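I have placed the structure first, in the form of structure tokens, so that the comments after it can refer back to it.
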Amino acid sequence: MFGDANVFINQSHMENPGRKTTDFTIVSINSINSFASVIDSFIFISPTPKIINTPLFYVISDNENGLYVRNLRFQATENYNPSKGTENALVLVGGDGKSYLENVRVSLNNKSYLALNKNDSSVLMNSRFKDGLRYWDFNDGVSLQARISSNDSETIVFSKNGASLSQSVLVKSTGILSGGMMLKIVSGDLKLTLECYDSLDNNITTREWNCSASDYSDWSWVRFGEKLPDNIRKIKFYCKSFGQSVDVKLSTILMDIIS
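For the sequence shown, the working numbering assigns the number 329 to the last residue and increments by one with no breaks.
Below, the structure written as structure tokens:
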């Protein structure tokens with residue numbers, strides 16, 4: 071979409087049967103004046119071996135009209151992974167323009183967790199570290215590395231054993247917490263932990279993911295997700311490094327609660 075185009079999609083079935091390329095973008099808003107809405111629609115991605123490395127939707131930076139999505143059904147698959155393209159994130163909506171998503175229902179096949187977009191993580195604050203380490207708790211083993219361009223996330227560096235970064239946030243809804251982060255491990259290991267608490271601050275559940283250099287020696291997206299307990303009130307998410315020699319980098323931690 072270019073210029074001042076407005077596109078409205080309603081009650082549509084969108085899919086890529088037999089598609090043999092790595093590109094599959096349904097709506098791409100490439101002008102700051104364009105607008106699109108997708109309502110009461112369904113997306114199906116054919117589970118072919120070909121990795122799709124583009125987001126299903128895209129909104130260019132500085133677009134304030136944006137994309138509106140409501141009542142969308144999407145069946146996530148392992149071969150949908152735009153983090154392997156230019157987005158550096160596994161999201162439904164790429165780009166840095168405005169987007170608003172309401173009542174998006176995702177079937178997470180094989181735990182194919184994803185985030186909705188990069189600009190509005192519905193769970194974490196300052197998830198791309200554009201305000202430095204504001205809202206995050208950290209110790210002296212964690213530092214900030216400047217981003218290359220304004221569209222990139224800041225990079226967080228873990229430089230010693232026991233370096234930790236965490237954030238606690240209140241949550242108002244239940245469902246599937248779904249998201250991920252970009253990670254690179256030169257040496258050492260990184261453990262991700264998600265703790266759920268009730269209104270009395272009692273720990274209900276704890277989930278951990280262990281990441282090592284053998285799996286993340288180059289920048290890669292880490293998928294994570296968990297079904298939230300019905301009586302949840304707060305979550306705490308933290309990352310902690312281990313090892314005699316530690317060189318761990320992460321960026322763009324995104325989480326959404328998906329019904």
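A virtual CB, placed ideally from N, CA and C, is assigned to each residue, including glycine.
Small disclaimer: the values here were computed from a predicted structure and weren't measured.
DSSP three-state call for residue i: helix, strand or coil?
i    : result
K181 : helix
K154 : helix
I121 : coil
A106 : strand
I255 : strand
G73  : coil
N280 : strand
H83  : strand
L240 : strand
M325 : strand
I305 : strand
D317 : strand
I113 : strand
G136 : strand
Buried or exposed: residue i, going by 16 or more other Cβ atoms within 10 Å of its Cβ?
i    : result
V256 : exposed
T91  : exposed
T322 : buried
A106 : buried
N158 : buried
Q237 : buried
K188 : buried
N133 : buried
Give me the Cα-Cα distance between residue i and residue j, rounded to the nearest whole angstrom.
i    : j    : result
N86  : N151 : 15 Å
G165 : S177 : 23 Å
V193 : N123 : 25 Å
L334 : G211 : This structure leaves residue 334 out entirely; the chain is present only between 71 and 329.
K310 : K261 : 5 Å
I102 : P125 : 18 Å
L21  : M195 : No answer is possible for residue 21: the residues shown for the chain start at 71 and end at 329.
S104 : V161 : 21 Å
T276 : R293 : 17 Å
Throw me the rounded Cβ distance for the residue i and residue j pair, which I believe falls under 8 Å.
i    : j   : result
I130 : G73 : Wrong, their Cβ atoms sit about 12 Å apart, outside the cutoff.
Y128 : T95 : 6 Å
> Is there contact between the stretch 292-309 and the stretch 266-280, where contact requires at least three CB pairs shorter than 8 Å?
Replying inline: With a cut-off of 8 Å, the stretch 266-280 and the stretch 292-309 count as touching, because enough Cβ pairs lie within range.
> Hey, is the stretch 110-121 in contact with the stretch 137-150, meaning 3+ C-beta pairs nearer than 8 Å?
Replying inline: Yes: at least three Cβ pairs fall under 8 Å.
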